[in-house]
Amino acid sequence: MGVTSTVVEAFQAIVGSAGVLHERDALHVYESDGFPIARGLPTLVVFPVSTEQVARCVKAAAAHGLPLIPRGSGTGLAGGAVAFGGGVIVSTSRMTGIESIDVANRVAVAQAGVRNAALSQAVAATPGGTHLHFSPDPSSQAASTVGGNAATNAGGVNTLKHGVTSTHVLGVELVLPDGSIIQTGGGSLYDHVGPDLTGLLCGSEGTLGIITRIWCRLVPRPRHFRTIYAVFDSSYDACKTVADVIADGITPTSMEMMDGAMIRAVEDAFHYGFPTTAQALLLMEIDGIDQVLDEQLARCVALCRDNRATDVQQCADAAKRAELWSARKRAFGAIGRISHSYCTQDACIPRSKLPEAIEHICKLGEDVGMAITNVFHAGDGNVHPIMLFDEDDHEQVQQTLALSERILEYCISLGGTITGEHGVGVEKLHLMHKMFTPDTIGAFQRIKRAFDPDGRINEGKLIPSDRVKIELLRPTAPNIPGGALAAH
Amino acid sequence: MTHHARTNATSPVHARHADDVIAAVQHAVRTGVPLVDYGRDHAGLGHPPPATYTRLEREGDVLEHDVRDLVVRADAGCTLGRLQAALAEANQFLPIDADDNLTLAELVDHNVYGPLRVGYGALRDLLLGMSFVDGEGRLVTVGGRTVKNVAGYDVTKLLVGGLGELGVITELTLRTVTIPPATQIVDLEVAEPQQLDDFQTDWLTADAAPAWAVLVFDHGACVVRVGYHGTPSACHAQLRSLETLCDQMTDVRIAATDEYGFDEDSRERAAARAWRPEIPALVKVIVPPASTGFVCQSLALTPTAEPARQLEAYPFHGCIYVGGTLNAEQARRLDAQIVHVIEPVDGLRIWHRRPRGAEDIEPFPPANAQWPVLLRVKRALDPHGILNPGRYLPVQDEPR
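So the protein sequences, as listed, match chains H and Y.
According to my numbering, the first sequence is numbered sequentially starting from 146.
According to my numbering, the second sequence is numbered sequentially starting from 343.
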């Protein structure tokens with residue numbers, strides 16, 4: 146979509162010339178997020194620094210008939226921040242003010258563009274705040290913003306014990322699609338009156354408005370840990386250990402799992418000393434009172450052994466712990482050594498179904514000759530099967546999308562969900578009808594209209610729309626993913 | 343909006359399954375007679391029902407308890423007591439403080455929580471999924487039975503505290519917790535409740551962080567009763583940590599400690615709220631947590647010649663219940679005093695029960711900028727305005 150100088154000038158008048166990108170080369174940086182199959186070139190990218198500027202940008206976009214796409218730092222994994230068919234990307238990445246850190250009430254007020262990790266660092270540096278933090282810890286936390294975390298209700302490895310983002314958001318400031326500004330929640334209050342709009346907005350993927358400010362609940366930062374590393378000859382045994390630990394009444398901070406292919410990829414890339422013949426590695430961490438952690442540790446170790454772990458190691462040492470976690474966090478980076486491209490799924494299933502599910506998912510890949518490897522949040526039942534393919538091979542791209550669909554349908558059949566933490570975006574939109582009844586989809590659509598009657602903001606994402614339908618692959622140009630087709 | 347002091351309830355409709363609720367809602371739409379369910383303990387919360395209405399009464403049971411996944415599914419009309427009894431058979435419980443005879447629907451509609459919120463979170467953190475019937479009789483099912491789920495809008499959370507205005511909840515899926523093997527209850531005597539305000543964060547970030555905490559006044563003395571849950575050695579370690587913390591404080595001392603079984607622990611928490619159900623004047627006050635002690639100290643002072651006030655607070659969440667056997671004039675004085683005390687800290691108050699003659703006291707804080715959105719959401723889910731109309735949000739005359 147071309148852009149006239151009048152439009153550019155209208156936005157420059159709000160955010161300054163340095164706050165508007167409109168040249169094609171510059172816009173290419175913003176054509177996708179962390180889901181590279183979905184691509185679309187925005188008309189403009191604007192970088193407001195205040196809520197008032199966001200509100201004026203929203204009104205300007207409406208005046209010029211341009212759709213709006215909110216974006217944090219673009220680490221989303223479902224295509225939710227992509228401007229299909231043009232539109233104005235409103236990037237909150239320059240809204241980086243931490244406005245207050247109230248240690249006594251355990252609340253920080255941050256602009257939406259504050260990076261997740263930066264917030265906790267600032268809290269720790271505040272007098273009295275050493276032992277507090279903002280708990281959500283998505284893998285992207287060094288780059289992702291608190292606004293993006295709230296908009297996607299981001300998870301992470303610690304959510305098993307400490308909860309997802311919405312647990313830690315007391316309220317938000319939101320610019321509505323008509324440019325008006327509301328605040329949900331009661332500032333530093335931990336309770337409110339009436340329906341929980343904050344809860345609704347967390348995870349709404351920028352389809353109801355643009356989150357500009359967050360009241361973040363700060364919680365005690367765990368200080369004492371024990372980390373267990375257990376190796377198994379089968380994924381089944383490792384998954385059963387996960388279910389057994391939870392059923393035993395222990396809630397670890399995190400329980401992460403890698404399958405054999407992923408262990409080998411990580412070992413080949415980074416040389417941690419993992420046994421390359423193992424079929425599963427379970428990384429488990431517990432936090433709590435130092436004096437009693439060893440009791441829980443012993444119980445977890447016993448459950449690993451009961452499930453035929455071939456090697457169980459434990460550590461309380463900070464350096465060794467950091468090394469083990471770096472292996473987990475670098476797992477996705479290691480995939481580049483074994484595949485040209487990859488696509489990861491994000492289904493969540495009841496934990497007790499994990500042992501059968503992981504085996505079945507790998508079988509689905511084998512059936513179509515596609516390699517699948519797994520690294521995932523086992524304690525949450527949040528599986529991340531990673532399909533390895535070549536994005537330049539149109540047939541493989543199609544095969545990947547089809548396999549993704551089969552995996553997600555299978556997870557739904559187990560009582561699971563199509564997405565545990567990455568969101569629906571455009572990637573899983575076509576599966577919403579399999580997950581929800583028409584009446585439920587209808588309720589979602591009516592809620593969307595209550596906020597955005599004209600469909601101005603992120604229309605066609607998260608919930609099916611009768612106004613905008615986004616196709617991931619254009620039939621006429623299979624090598625150019627992305628594109629939006631107006632349905633009516 | 344018109345509210346009627348005298349109301350005319352038709353015979354109640356008893357609903358157990360979603361189909362019963364769908365039929366009741368469709369009947370309400372056809373006849374224009376609203377469906378009202380304010381719950382048992384929350385009947386005085388909010389503006390009164392319209393002149394004519396049909397009362398909805400709920401019943402139900404536990405539907406499925408997945409012991410290994412620590413997840414339970416139940417009818418919304420199932421009572422908390424029935425649910426806890428079923429969970430206890432598998433050594434689990436739902437960590438929510440409320441009377442046993444309240445239904446799960448009432449708990450969710452009113453976002454009920456108590457002292458256990460410190461250690462286990464609130465209902466919004468325990469709810470995994472729900473089904474509800476909207477104001478046109480459509481069954482909506484959101485969330486699920488997994489511990490993480492971001493598919494679609496989180497309407498589950500939207501309905502928490504929704505006062506039954508957005509939908510009639512028919513079924514809930516909740517996380518459960520294993521009953522702790524040991525519990526320890528500690529009474530802290532606090533000379534000045536305000537002392538707690540600066541002490542909270544240090545307390546929570548130490549090993550002494552409790553599973554539950556409640557502030558009460560016992561014969562005029564401020565007592566913070568806390569509970570520890572865990573293994574016996576964990577409870578002892580936490581008690582030692584608390585003793586160390588108290589040594590650093592002036593005028594805060596451990597008055598008593600007791601090791602109880604879990605049933606006794608539950609009874610102690612219930613005892614702290616036992617004064618509430620029958621009292622004619624009851625207000626919930628919400629303030630920033632670090633103002634709880636200060637506000638409690640102010641509100642605990644009963645004016646001369648008035649019945650003694652009762653007060654119970656959850657200091658880590660800034661929640662205070664205050665009330666008494668007050669007449670209308672005394673209730674108005676209490677309201678004025680609350681407003682005076684909470685205004686500087688941006689607090690709010692919700693009247694749960696106003697004495698006869700004091701209906702002019704506004705039950706809620708004044709409308710704010712989010713109300714137009716809330717009204718549109720109400721219209722989206724209840725276009726005919728037949729679900730608890732006017733209880734919180736003003737009745738909308740404008741046609742859809």
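Backbone N, C-alpha and C define an ideal beta-carbon position, used for all residues, glycine too.
Check, Outcome
"Burial state of Ala208 of chain H (16 or more Cβ within 10 Å)", "exposed"
"Chain-ordered neighbours of His337 of chain H on chain Y, where CB pairs are closer than 9 Å", "Asn453, Gly503, Ile628 and Leu690"
"Inter-residue spacing [alpha-carbon to alpha-carbon] between His369 of chain H and Gln441 of chain H", "13 Å"
"contact_flag[the stretch 546-560 of chain H, the stretch 317-327 of chain H] where n(CB pairs < 8 Å) is 3 or more", "no"
"Classification of Ser150 of chain H by the beta-carbon crowding that lies within 10 angstroms, buried from 16 upward", "exposed"
"Environment of Asn350 of chain Y [buried if 16+ CB atoms lie within 10 Å]", "exposed"
"Neighbouring residues, chain Y, relative to His276 of chain H (Cβ below 7 Å)", "Thr547"
"Delimiting residues of the beta strand (DSSP E) encompassing Ala658 of chain H", "Only positions 146 to 633 of chain H appear in this structure, which leaves residue 658 of chain H out of reach."
"Which listed residue (Y:Ala711, Y:Val715, Y:Asn710 and Y:Ile692) has its alpha carbon closest to that of Glu704 of chain Y", "Y:Ile692"
"Proximity test, Cβ basis, 8 Å: Asp408 of chain Y and chain H", "yes"
"Interface residues of the stretch 458-480 of chain Y facing chain H [CB-CB below 8 Å]", "Gly463, Arg466, Asp467, Asp476 and Arg480"
"Continuous alpha helix (DSSP H) assignments of at least 4 residues falling wholly in the stretch 275-310 of chain H", "291-297 and 304-307"
"Members of the stretch 571-582 of chain H that neighbour chain Y once the beta carbon cut-off is set at 9 Å", "Lys573, Leu576, Met577, Met580, Phe581 and Thr582"
"C-beta contact flag for Arg107 of chain H and Cys460 of chain H at 8 Å", "Residue 107 of chain H cannot be examined here, being either before or after the span of chain H that is shown, 146 to 633."
"Among Y:Glu401, Y:Tyr462 and Y:Val715, the one whose alpha carbon lies nearest that of Gly572 of chain Y", "Y:Tyr462"
"Secondary structure of Val520 of chain H, DSSP reduced to three states", "strand"
"Below-8 Å beta-carbon distance, His346 of chain Y vs any chain H residue", "At His346 of chain Y, the pLDDT of 44 sits below 50, so the modelled position is not reliable and the matter cannot be decided from this model."
"Inter-residue Cα distance where the pair is Ile680 of chain Y and Gly562 of chain Y", "19 Å"
"Through-space distance from Ala253 of chain H to Pro731 of chain Y, alpha-carbon basis", "36 Å"
"Buried versus exposed call for Phe156 of chain H [16 or more other C-beta atoms within 10 Å across all chains shown]", "buried"
"Closer than 8 Å to chain Y by CB, Asn603 of chain H", "no"
"Pairwise C-alpha distance: Thr275 of chain H and Met400 of chain H", "26 Å"
"Entirely enclosed alpha helix (DSSP H) segments - the stretch 351-427 of chain Y, minimum 4 residues", "360-373"
"Limits of the unbroken beta strand (DSSP E) element including Tyr663 of chain Y", "Cys661 to Gly666"
"Per DSSP, the bridge partner or partners of Thr525 of chain Y", "Y:His571 and Y:Tyr602"
"Where Asp611 of chain H falls, given that 16 or more other Cβ within 10 Å makes a residue buried", "exposed"
"Any 3 or more C-beta pairs closer than 8 Å across the stretch 477-497 of chain H and the stretch 522-538 of chain H", "yes"
"Listed by chain order, chain H residues near Leu412 of chain Y by CB distance under 8 Å", "Ile391 and Ala392"
"Reduced DSSP category for Pro609 of chain H - H, G, I as helix; E, B as strand; rest coil", "coil"
"Spatial neighbours of Thr396 of chain Y in its chain, beta-carbon cut-off 6 Å, leaving aside the 5 residues before and after", "Thr352, Val355, Val375 and Leu377"
"Status (buried if at least 16 other CB within 10 Å, exposed otherwise) for Arg473 of chain H", "buried"
"Neighbour flag for Val248 of chain H against chain Y, beta carbons, 8 Å", "yes"
"CB of Thr352 of chain H within 8 Å of CB of Ile602 of chain H, strictly", "yes"
"Ala423 of chain H to Val376 of chain H span [Cα, whole Å]", "6 Å"
"Closer than 8 Å to chain H by CB, Ala612 of chain Y", "no"
"Those residues which DSSP pairs with Gln256 of chain H across a bridge", "H:Arg358"
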